[in-house]
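Let me begin by presenting the structure, written as structure tokens, before commenting on it.
Number of protein chains: 4
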Amino acid sequence: MRVFAEKGYHGCRIADVARQAGVAYGLVYHYFRNKDELLESVCAEQWTIFIRALRAASEGPGAATEQLAGICRFAVDVFRTAPAAVRVLLLEVVPTPNAFRAGSTRQTFEEAVSIVADIVRRGAARGELRADAEPTVAATTLLGALELTLTSMVAGIVRGGTEEEIERVKRALVDQVVGGLAPR
Amino acid sequence: MRVFAEKGYHGCRIADVARQAGVAYGLVYHYFRNKDELLESVCAEQWTIFIRALRAASEGPGAATEQLAGICRFAVDVFRTAPAAVRVLLLEVVPTPNAFRAGSTRQTFEEAVSIVADIVRRGAARGELRADAEPTVAATTLLGALELTLTSMVAGIVRGGTEEEIERVKRALVDQVVGGLAPR
Amino acid sequence: MRVFAEKGYHGCRIADVARQAGVAYGLVYHYFRNKDELLESVCAEQWTIFIRALRAASEGPGAATEQLAGICRFAVDVFRTAPAAVRVLLLEVVPTPNAFRAGSTRQTFEEAVSIVADIVRRGAARGELRADAEPTVAATTLLGALELTLTSMVAGIVRGGTEEEIERVKRALVDQVVGGLAPR
Amino acid sequence: MRVFAEKGYHGCRIADVARQAGVAYGLVYHYFRNKDELLESVCAEQWTIFIRALRAASEGPGAATEQLAGICRFAVDVFRTAPAAVRVLLLEVVPTPNAFRAGSTRQTFEEAVSIVADIVRRGAARGELRADAEPTVAATTLLGALELTLTSMVAGIVRGGTEEEIERVKRALVDQVVGGLAPR
DNA sequence: GATGAATGAGAATTCATTCAT
DNA sequence: TATGAATGAATTCTCATTCAT
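Order-wise, the sequence lines are chains C, W, S and G.
Sequential numbering from 1 applies to the first sequence in UniProt numbering.
Sequential numbering from 1 applies to the second sequence in UniProt numbering.
Sequential numbering from 1 applies to the third sequence in UniProt numbering.
Sequential numbering from 1 applies to the fourth sequence in UniProt numbering.
Laid out in structure tokens, this is it:
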């Protein structure tokens with residue numbers, strides 16, 4: 001996960017993975033059929049966690065606004081715990097050979113979008129969010145905002161060193177992204 | 001640009017670039033020292049265009065809300081005209097060997113963030129945007145929302161085939177991302 | 001070693017080395033970082049043998065004249081056993097990118113010069129060689145004479161096919177190069 | 001000449017030659033059919049000068065000892081004037097693809113050897129040099145001693161900075177290499 | 001399970017040579 | 001004569017994958 005996060009799919013060598021894991025070169029091939037399967041596996045694992053959180057939010061209590069806010073807060077918290085995982089999740093969605101175009105990673109991404117979009121849709125129906133919201137666009141907006149903000153935190157462009165700074169990031173994100181969906 | 005957009009940095013062969021450009025293999029090396037420099041150059045070119053547009057918006061007339069909305073609309077329009085350019089700009093920033101970590105691409109990204117952040121800062125000062133906005137987070141939120149939404153359009157997850165659909169995306173983006181910054 | 005000797009540094013392809021060694025192309029890169037390191041390694045190995053012989057002569061018994069004569073005889077004998085090694089040793093020292101200018105090969109060459117020069121210096125002090133001998137020049141003269149004479153044997157310009165011819169070359173070399181250092 | 005001297009045949013690029021000469025890339029091909037011809041031409045020029053000097057010595061006045069001494073002194077003097085030319089002369093004899101094995105450079109080298117060998121042969125016949133001298137070996141010994149000593153001067157291993165140091169090198173060379181051929 | 005040498009196809013890079021201007 | 005862009009074959013280097021131990 002760390003190596004993929006650092007160098008991307010093509011840039012990461014099996015040798016790097018083995019070294020990082022502290023095992024012999026060949027052992028990687030004992031556990032994974034090939035490089036694709038390795039990445040799929042890593043991505044799937046990360047996405048599973050994230051999707052589970054999205055689903056938990058979606059199926060949990062509270063208004064749509066609160067569910068979306070929870071997702072934002074969760075994402076930022078995950079970033080704090082495992083920034084590398086966030087990078088894999090965020091960065092390997094697209095630039096992977098088969099991942100985005102077809103295959104499980106894309107499906108999982110679409111699933112994430114659709115869960116968020118559903119929250120928006122329900123919220124709009126219930127009057128918790130503006131009636132004319134575009135669920136899918138709202139979802140990609142939210143996820144994209146999370147992605148780049150977190151990436152910028154990883155890169156040190158957005159400050160997220162202290163507890164207080166992280167709280168400020170969370171609040172700003174929620175205010176803008178969820179607040180922007182509030183009924184007029 | 002097209003080839004990088006299509007396959008990503010590592011996935012794209014010099015041979016592809018040459019073929020796409022309709023020139024001989026070796027000629028690429030007449031103009032670029034190596035693959036890195038080639039991408040760097042392509043990215044720089046795209047960023048320049050985008051930065052110019054950001055600056056034009058920033059220095060143009062209108063309230064901060066209108067400037068930010070203009071940026072969103074411009075980005076979506078660029079996407080319609082040159083989706084490949086958008087992909088390079090958006091997707092190749094990070095997973096590239098030296099691009100994001102250090103060097104000109106990162107600087108240019110920071111510049112983009114800072115231009116948008118400045119608009120937000122001024123808007124907040126003038127009362128056009130909420131006073132407690134976090135300029136940098138607002139900027140990465142806006143740019144990230146653009147990125148993933150456009151990417152999703154490229155990938156066909158967000159519908160953007162017709163004129164009307166594109167208008168809807170624009171409106172939704174602006175409503176959420178700029179609307180979310182409105183004073184309470 | 002054989003391939004370098006045959007074609008020189010630039011003329012020898014890694015593929016040649018692999019074929020000659022009877023291994024797969026890539027394996028060469030398993031053992032050597034790159035072509036430079038390969039040659040460096042080959043040279044170092046050869047020099048080590050030669051330096052060892054020089055040292056043995058220097059530390060062995062006999063007058064300086066006898067030590068120098070021993071070196072000449074040894075060099076000619078090595079040539080008979082392994083002409084390719086001699087060629088690498090002799091010919092690839094200089095025209096190689098980094099070898100002679102700086103780095104270990106040059107150091108080793110200087111060491112060879114200095115061992116021979118020391119023998120000369122001691123011999124001069126003991127009255128076995130002329131008192132006004134220039135040790136360093138004497139050393140490069142001896143080594144250079146060996147080099148070109150052996151090269152010419154390799155090239156067939158100096159006859160060295162039979163046992164008797166080789167003996168004649170040895171004697172002539174020693175007479176001229178060592179004899180030329182005798183006290184007047 | 002300088003570029004060939006610096007990098008050897010394969011290591012020298014046409015671009016280097018053009019840059020060193022201060023002319024455009026293509027112009028090199030206006031004057032030389034190809035790289036081989038360029039090197040041949042350079043070598044031939046250098047050898048011609050050297051061969052002419054050897055011949056002049058051979059056909060000039062004085063005993064064989066004096067003729068050989070003159071050659072040594074001339075070579076050292078040439079080195080002082082044009083060290084690069086010496087390197088081409090010395091270093092490109094062998095490691096060139098076709099040069100030494102067959103072709104004009106090898107012929108010229110053999111000619112040089114034979115001129116010197118003739119001087120030795122005559123000197124031996126006249127009693128100026130030892131009767132049992134091996135003319136060819138004596139020639140390669142003399143030329144080899146010159147080669148490596150001059151190379152070592154170029155490389156800074158043998159000191160040749162001042163007028164006095166150069167005189168000392170000349171004397172040492174002559175004493176050893178010519179002195180070693182003196183009748184016993 | 002574990003190791004790391006061995007393989008070879010694929011991609012980057014170099015550079016002599018050609019050619020239009 | 002002079003220029004330097006254009007070409008593409010030759011070569012180095014990389015790295016996923018296999019395999020014997």
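Every residue gets a Cβ at the ideal spot worked out from N, C-alpha and C, and that includes glycine.
Annotation: Cβ neighbours of valine 158 of chain W in chain C (cutoff 7 Å, chain order): Thr136, Val137 and Thr140.
Contact between alanine 139 of chain W and alanine 117 of chain W holds, since their C-beta atoms are separated by about 4 Å, short of 8 Å. Residue environment for aspartate 77 of chain S: exposed (fewer than 16 other C-beta atoms within 10 angstroms of its C-beta). DSSP places threonine 162 of chain G in the coil class of the three-state scheme, outside both helix and strand. In the DSSP assignment, arginine 130 of chain C falls outside any alpha helix (DSSP H) and carries neither an H nor an E. Taking 8 Å as the cut-off, the Cβ atoms of leucine 142 of chain G and valine 169 of chain G do not count as close. In this structure, DSSP gives methionine 1 of chain W a state outside helix and strand, which the three-state scheme calls coil. Using a 10 angstroms sphere on the CB of isoleucine 49 of chain W, the tally of other CB atoms stays under 16, which defines it as exposed. A Cβ-Cβ distance of about 2 Å is found for the pair glycine 123 of chain G and alanine 64 of chain G, placing them in contact under the 8 Å criterion. When Cβ-Cβ separations below 8 Å define contact, threonine 162 of chain C makes no contact with chain W. If the five residues before and after glutamine 20 of chain C are omitted, its C-beta is found closer than 8 Å to the C-beta atoms of Arg2 and Val3, all from its own chain and listed in chain order. For cysteine 72 of chain C, the closest C-alpha among the options C:Leu54, C:Thr81, C:Gly60 and C:Pro61 is that of C:Leu54.
Counting only residues of its own chain and dropping the five nearest sequence neighbours on each side, valine 28 of chain S has a CB closer than 8 Å to the CB of Ile14, Val17, Ala18, Ala21 and Leu38. Taking a 10 Å sphere around the C-beta of tyrosine 9 of chain G, we find 16 or more other C-beta atoms and assign the residue as buried. Per the C-alpha coordinates, the member of C:Asn34, C:Thr81 and C:Leu68 positioned closest to glutamate 163 of chain C is C:Thr81. Under a 10 Å Cβ-count criterion, aspartate 132 of chain G is classified as exposed, with fewer than 16 other Cβ atoms of the shown protein chains found around its own Cβ.
By the criterion of a C-beta distance shorter than 6 Å, alanine 75 of chain W is surrounded in its chain by Leu146, once the five residues flanking it on both sides are discounted. Contact of valine 3 of chain G with chain S is not assigned, every C-beta pair being separated by 8 Å or more. Taken through DSSP and simplified to helix, strand or coil, phenylalanine 79 of chain G comes out as helix. For isoleucine 157 of chain G, there is no enclosing alpha helix (DSSP H), as DSSP gives it neither H nor E. Of all residues in the UniProt domain "HTH tetR-type" (1 to 50) of chain G, the ones placed with a Cβ closer than 8 Å to any Cβ belonging to chain S are Lys7, Gly8, Tyr9, His10 and Gly11, in chain order.
Annotated three-state conformation of phenylalanine 109 of chain W is helix, per DSSP.
For leucine 173 of chain W, the chain C residues whose C-beta falls within less than 7 Å of its own C-beta are Val137 and Thr141, listed in chain order. Put simply, the CB of glutamate 147 of chain G is near chain S, with a gap under 8 Å to one of its CB atoms. Residue state for valine 169 of chain W is assigned as helix, using DSSP reduced to three classes.
The beta carbon of glutamate 59 of chain S sits no closer than 8 Å to any beta carbon of chain G. A Cβ of chain W is located within less than 8 Å of the beta carbon of leucine 181 of chain C. By the neighbour-count criterion, in which a residue is buried when 16 or more other Cβ atoms sit within 10 angstroms of its Cβ, arginine 130 of chain S is buried.
For the pair threonine 151 of chain W and glycine 62 of chain C, the Cα-to-Cα distance works out to about 31 Å. Between glycine 127 of chain W and glycine 180 of chain C a beta carbon distance of about 18 Å is seen, past the 8 Å cut, so the two are scored as non-contacting.
Counted as a single uninterrupted DSSP element, the stretch harbouring glutamine 176 of chain W is not any alpha helix (DSSP H), since DSSP gives it neither H nor E.
Secondary structure of phenylalanine 74 of chain S (DSSP, three-state): helix. Within the segment 100 to 133 of chain G, Phe100, Arg101, Arg106, Phe109, Glu110, Val113, Arg130, Asp132 and Ala133 place their CB atoms closer than 9 Å to a CB of chain S, listed in sequence order. The Cβ neighbour count for arginine 121 of chain G, taken over all protein chains shown within 10 Å, is at least 16; the residue is labelled buried.
Using beta-carbon distances, arginine 80 of chain W does not count as an interface residue toward chain C, since no partner is under 8 Å.
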